[in-house]
Amino acid sequence: MKMYLKIDKGIITDVKFKTFGCGAAVATSSMATELIKGKSIDDALKLTNKAVVEALDGLPAVKLHCSVLAEQAIKAALSDYYTRQGIDPLPIVGDISECEHCH
Numbered sequence: 000m001k002m003y004l005k006i007d008k009g010i011i012t013d014v015k016f017k018t019f020g021c022g023a024a025v026a027t028s029s030m031a032t033e034l035i036k037g038k039s040i041d042d043a044l045k046l047t048n049k050a051v052v053e054a055l056d057g058l059p060a061v062k063l064h065c066s067v068l069a070e071q072a073i074k075a076a077l078s079d080y081y082t083r084q085g086i087d088p089l090p091i092v093g094d095i096s097e098c099e100h101c102h
């Protein structure tokens, strides 16, 4: 799962994603993009996997890891944004660890 962000003056003005996987992975990617589009970077960083699942009216238990992937993809995209701006992303975005289900 990859997210691509267009950011103007700290606001996410456009979001695209590329997801390979099951329908739940595509659904969580899509919902996550809808939840952060038009929001500030700070608001996007506050998005949780729980909020994505709630916005989808739930996911089967075996598919909950897909929402974690969406949250991580957003953080990875924002980390890339800060790196390109010459800013260390770690204090802002935090550590982006691998999903335990993806090994």
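Numbering (numbering that gives the first Met the number 0), first residue to last: 0 to 102.
Even for Gly, the Cβ is constructed at its ideal location relative to N, Cα and C.
Check, Outcome
"Of the listed residues I6, K1, V67, nearest to R83 (C-alpha basis)", "I6"
"Extent of the continuous alpha helix (DSSP H) to which I73 belongs", "64-83"
"Stretch pair the stretch 53-63 + the stretch 73-88: three plus CB contacts closer than 8 angstroms", "no"
"Alpha-carbon spacing of F19 relative to S28, whole angstroms", "10 angstroms"
"Contacting residues, own chain, Cβ-Cβ under 6 angstroms from I86 (five flanking each side not counted)", "none"
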